[in-house]
Each structure stands twice: as C-alpha cells, then as structure tokens.
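Asks: Pasting a structure here, questions to come.
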Amino acid sequence: MDMEIDTAYGDEIAAADEGCCTPKRGIPGRSTPPPPPRKKPLRVSAGKREPPKNGYFQPPDLEQLFVVRPRPEACA
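Under UniProt numbering, read the sequence shown as residues 1 to 76, first letter to last.
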C-alpha cells in the first residue's frame with residue numbers, strides 16, 4: 001500500500017508498507033585497508049647523551065624525601 005505524505009516543505013514522499021530492508025545501492029563493496037604507518041627512522045645520535053649545560057636541578061630538601069624513619073614499636 002503506497003501513500004503520499006506532505007512534508008513541511010511541500011515535498012511529497014511515497015512510503016511503502018512492505019517492511020524494513022537494507023538499501024543495497026548505497027553500500028560500497030569491500031575495499032582493501034590502507035597500509036600500516038611506517039616506522040620512524042632511528043636517530044643517529046641515539047647513543048650517549050651529554051649532561052645539560054646548566055646542570056641538573058638539585059632542590060635543597062631532596063634528601064628528606066628518601067629518609068627512612070624508624071617505625072613505632074608495637075605495644076607488648
């Protein structure tokens with residue numbers, strides 16, 4: 001059963017009550033996937049690095065972070 005529906009824009013659409021089906025025209029066929037990305041080339045100077053020109057940052061309280069404090073004794 002076909003019926004025509006007027007839309008808000010004045011267009012007419014023919015709708016069929018035949019049930020749902022997947023449109024076959026708009027589905028493209030399978031294609032091959034793109035190749036994987038290429039690996040970055042290795043750096044030539046990937047070996048030993050020199051220390052920074054102005055030295056490493058050394059905060060004055062750095063040693064306090066690594067101090068092992070004695071555990072409190074358990075009551076006997």
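All C-beta atoms in this analysis are idealised placements derived from N, C-alpha and C, irrespective of residue type, glycine included.
Computed from a prediction, not measured in an experiment: that's the story for all the values here.
Nearest-angstrom Cα distance between Glu12 and Thr22?
Replies: With a pLDDT of only 49 at Glu12, under the threshold of 50, the placement of this residue in the model should not be trusted; the figure read from the coordinates follows. Near 22 Å, if we compare the C-alpha coordinates of Thr22 and Glu12.
Asks: In angstroms, rounded to a whole number, what distance separates the CA positions of Arg38 and Ser31?
Replies: Cα to Cα, Arg38 sits roughly 21 Å from Ser31.
Asks: DSSP three-state call for Leu42: helix, strand or coil?
Replies: The answer is coil: DSSP assigns Leu42 none of H, G, I, E or B.
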